[in-house]
Amino acid sequence: METIADFGDLCGECPVWDADAETLYWTDCVGQRFQSYSAKCKTAQILKTGLEINGFRLNDAGGYTITNNGGIWLWDGIADPILIVSEVEGASCQMNDCVADPTGRLVSGSCFYNPNESYERGKLIQIDTRGKARVLDEGFELANGLGFSP
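Going by the working numbering, the first residue of the sequence shown is number 141, and it counts up by one from there.
Quick look at the structure:
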């Protein structure tokens, strides 16, 4: 095993491998950094600081869909992100992790966890490729490490 990057992450999350670019992306959601490692060039870099990213996925057209405590956003990787969903069926989109299904729909879980008091349970939210959102399920403590099984 070897270390490919050491940026002192406070909470490294959401590793995503881009096979075409041979690049690993991940976020430090607490340190608010978005990072990458190019296997081809054997270099790691911080792509963005000061942007909370709890989860993200690569978009086919370029850029990213990101999730954070403010909602679900489109981001081209350069300009400021564009908020696309902040509320679904009356529920606030304070989002944690996410995953994309085989058809490109984003699935993400809202999270209101507070160990010091009673809190609202989270919802599992799906955003289709046109940006329409709906609640799939609810009652979650923390949706994290989302994935699909065959």
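In this text, a Cβ means the ideal position worked out from N, Cα and C, and glycines have one as well.
Computed from a predicted model, the values in this text were never measured in an experiment.
- In terms of Cβ geometry, VAL228 and VAL239 do not form a close pair [threshold 8 angstroms].
- In this structure, ARG173 is the residue among ARG173, ALA231, PRO290 and LYS272 with its C-alpha nearest to the C-alpha of GLY217.
- Of the residues assessed, GLN175 falls on the buried side of the cut-off, its CB having 16 or more other CB atoms within 10 angstroms.
- With a cutoff of 8 angstroms on beta-carbon distance, GLU153 and THR163 are scored as not near each other.
- Beta-bridge partners assigned by DSSP to ILE193: none are found.
- In the displayed model, THR143 falls within coil according to three-state DSSP, outside both helix and strand.
- Within its own chain, the residues whose Cβ lies closer than 6 angstroms to the Cβ of GLY244, once the five positions on either side in sequence are excluded, are THR269, listed in chain order.
- Per DSSP, VAL170 lies in no beta strand (DSSP E) segment and is marked neither H nor E.
- Sequence-distant Cβ neighbours of GLU192 in its own chain, meaning closer than 8 angstroms and more than five residues away, are CYS169, GLN172, ASN208, ASN209 and GLY210.
- Here CYS233 is not bridged, per DSSP, to any residue.
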